[in-house]
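J.: Pasting a structure below so you can have a look.
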Amino acid sequence: MALQDIYRRVAGAALTSELRDWRTGAAPGDALRIAGAAGSLPAFLLRALLDEDGPSGNGQPVPLLAVAPDEDAAAYLRSDLDALLGEKSAAAVLHFPATGQTPYDDEQIASSAPLTARADVLQQLTGGFGGIVVTSAEALFEKVPPPEGVQQDTLRIERGQTLAPERLVERLNGQGFSRVEFVEEPGHLARRGGILDVFPFSGEYPVRIEFFGDEIDGLREFDPHTQRSVSRLTETRLVPNLEREDEEGESGPRVPFFDYLPDAALAATFDEERLLEEAAERFSDAEKRH
Numbered sequence: 011m012a013l014q015d016i017y018r019r020v021a022g023a024a025l026t027s028e029l030r031d032w033r034t035g036a037a038p039g040d041a042l043r044i045a046g047a048a049g050s051l052p053a054f055l056l057r058a059l060l061d062e063d064g065p066s067g068n069g070q071p072v073p074l075l076a077v078a079p080d081e082d083a084a085a086y087l088r089s090d091l092d093a094l095l096g097e098k099s100a101a102a103v104l105h106f107p108a109t110g111q112t113p114y115d116d117e118q119i120a121s122s123a124p125l126t127a128r129a130d131v132l133q134q135l136t137g138g139f140g141g142i143v144v145t146s147a148e149a150l151f152e153k154v155p156p157p158e159g160v161q162q163d164t165l166r167i168e169r170g171q172t173l174a175p176e177r178l179v180e181r182l183n184g185q186g187f188s189r190v191e192f193v194e195e196p197g198h199l200a201r202r203g204g205i206l207d208v209f210p211f212s213g214e215y216p217v218r219i220e221f222f223g224d225e226i227d228g229l230r231e232f233d234p235h236t237q238r239s240v241s242r243l244t245e246t247r248l249v250p251n252l253e254r255e256d257e258e259g260e261s262g263p264r265v266p267f268f269d270y271l272p273d274a275a276l277a278a279t280f281d282e283e284r285l286l287e288e289a290a291e292r293f294s295d296a297e298k299r300h
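Converting from the sequence shown to the working numbering requires adding 10 to each position, the first position being numbered 1.
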């Protein structure tokens, strides 16, 4: 039996119908416990909610937060959702990973990948993302910059916009971007005449900005290894490293991830016993380090 046939059976089951009915009438703070939702069933139920979920009362999209007990479980859930949603998954499902750091940890993060993924999620949530955000207890334990800071740091540019390339480079340098000969990873920028390549901390590819004088004449994503175009853009958002430190080595104010969610958002937790154990372990580690 094909995967989509299985999904249609699950979507038409009594359990799924009851879940939808509960979601429709649920008020902020209401909770529903489903016993025995093992294997890939959580992904099927989340997709059913995504298919049915409409805008909140004020007309804004409503995100669904799916909290797994650890990073491995979150990865499996994301994989199941990718299989169920197919090509739609890239736009409908985001992964908010842990960086591997804990409070009072002075070590630098070895890979930029989790920083990029986290920045992308925060930026999309401030823009009204209404899909599924998959995360873990470990990831939620790490506080994030406030939403207003993300909005302030994110630079939106579009074709036809008048913007001096020197001013853009100056702003990006001030946000922690490093000037290199060729961009290879998030945080890099390179300029050659009227062409500026920027690898932001959001999205999968760097952006090539083509200037005609002070006017943005072209925008496109490109593969940094082959230099070939991936897609042409009419606009894009340049997101810096939101976890960067200032000149004094301070990381700035931090807030819980939940500050990014509207009141009508739905949070689904899986394997509650393991999740609580993971949270307790994080608190214990933080107390020992402090």
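Just so it is clear, CB atoms sit at the ideal spot from N, CA and C, and this is done for glycine as well.
(1) For I219, which residues does DSSP report across the bridge?
(2) In terms of residues, what are the limits of the beta strand (DSSP E) holding S27?
(3) Whole angstroms are fine: how far does the CA of E168 sit from the CA of E176?
(4) Out of curiosity, what's the CA-to-CA distance linking P196 and R181?
(5) Which residues mark the beginning and the end of the alpha helix (DSSP H) in which T244 is found?
(6) For T172, name the three-state secondary structure that DSSP assigns.
(7) The alpha helix (DSSP H) with I142 in it runs from where to where?
(8) For the alpha helix (DSSP H) holding T164, just list the boundary residues, first then last.
(9) Helix, strand or coil: how does DSSP classify L94 here?
(10) What's the call for R18, buried or exposed, on a 16-neighbour Cβ count within 10 Å?
(11) Consult DSSP for A85 and reduce its assignment to one of helix, strand or coil.
(12) What did DSSP end up calling F106 once you bin it into helix, strand or coil?
(13) Please report how far the alpha carbon of Q134 lies from the alpha carbon of A100, in whole angstroms.
(14) Taking its Cβ as the centre, do 16 or more other Cβ atoms sit within 10 Å of E158, making it buried, or is it exposed?
(15) With 16 as the cutoff for other CB atoms within 10 Å, does N68 come out buried or exposed?
(16) Roughly how many angstroms separate the alpha carbons of Q237 and P124, rounded to a whole number?
(17) Smallest Cα separation from T109: which of D90, L95, V103, D80?
(18) Output the distance between the C-alpha atoms of P156 and V143, rounded to the nearest integer angstrom.
(19) Opposite S239 in the DSSP bridges: which residues?
(20) Which word fits E152, buried or exposed, when buried means at least 16 other C-beta atoms lie within 10 angstroms of its C-beta?
T.: Taking the coordinates as given:
(1) Mapped onto the sequence shown, residue 219 falls at position 209. Note: I219 sits in a beta bridge opposite L206, L229.
(2) The residue labelled residue 27 in the question sits at position 17 within the sequence shown. No beta strand (DSSP E) contains S27, which is instead part of the alpha helix (DSSP H) from 24–35.
(3) Indexing the sequence shown from 1 puts residue 176 at position 166. Indexing the sequence shown from 1 puts residue 168 at position 158. Between E176 and E168, the alpha-carbon positions lie close to 17 Å from each other.
(4) Reading the sequence shown from its first residue, position 186 is the one you call residue 196. Reading the sequence shown from its first residue, position 171 is the one you call residue 181. Near 16 Å, if we compare the C-alpha coordinates of R181 and P196.
(5) By 1-based counting over the sequence shown, the position of residue 244 is 234. Where T244 is concerned, there is no enclosing alpha helix (DSSP H), given that its DSSP letter is neither H nor E.
(6) Numbered from 1 along the sequence shown, position 162 holds the residue referred to as residue 172. Per DSSP, reduced to three states, the secondary structure at T172 is strand.
(7) The residue labelled residue 142 in the question sits at position 132 within the sequence shown. From DSSP, I142 is part of no alpha helix (DSSP H) but of the beta strand (DSSP E) over 142–146.
(8) As a working mapping, residue 164 is identified with position 154 in the sequence shown. Per DSSP, T164 belongs to no alpha helix (DSSP H) and is neither H nor E.
(9) The residue given as residue 94 occupies position 84 in the sequence shown. L94 falls in the helix class under three-state DSSP.
(10) The sequence position of residue 18 within the sequence shown is 8, counting from 1. By the neighbour-count rule (16 or more Cβ atoms within 10 Å), R18 is not buried but exposed.
(11) Taking the first residue of the sequence shown as 1, we reach residue 85 at position 75. Residue state, collapsed to three classes: helix.
(12) As a first step, residue 106 is located in the sequence shown; it is residue number 96 there, counting from the start. F106 falls in the strand class under three-state DSSP.
(13) Here the question's residue 134 lines up with position 124 in the sequence shown. Here the question's residue 100 lines up with position 90 in the sequence shown. For Q134 and A100, the distance between alpha carbons rounds to 13 Å.
(14) Here residue 158 corresponds to residue number 148 of the sequence shown, with the count starting at 1. With fewer than 16 other CB atoms across the displayed protein chains lying within 10 angstroms of its CB, E158 is exposed.
(15) Reading the sequence shown from its first residue, position 58 is the one you call residue 68. Note that N68 has pLDDT 48, beneath the 50 cutoff, so the model's placement of it is unreliable and no number is given.
(16) As a working mapping, residue 237 is identified with position 227 in the sequence shown. As a working mapping, residue 124 is identified with position 114 in the sequence shown. For Q237 and P124, the distance between alpha carbons rounds to 24 Å.
(17) Working through the sequence shown from its first residue, we reach residue 109 at position 99. Cα-wise, what sits closest to T109 is D80.
(18) Counting from one through the sequence shown, the residue named residue 156 turns up at place 146. Counting from one through the sequence shown, the residue named residue 143 turns up at place 133. Across the structure, P156 and V143 are spaced so that their CA atoms are roughly 18 Å apart.
(19) As a position in the sequence shown, residue 239 is number 229, starting the count at 1. Paired residue(s): F232.
(20) On the sequence shown, residue 152 is found 142 positions in, with the first residue counted as 1. A buried status is given to E152, since no fewer than 16 other beta-carbon atoms sit within 10 Å of its beta-carbon.
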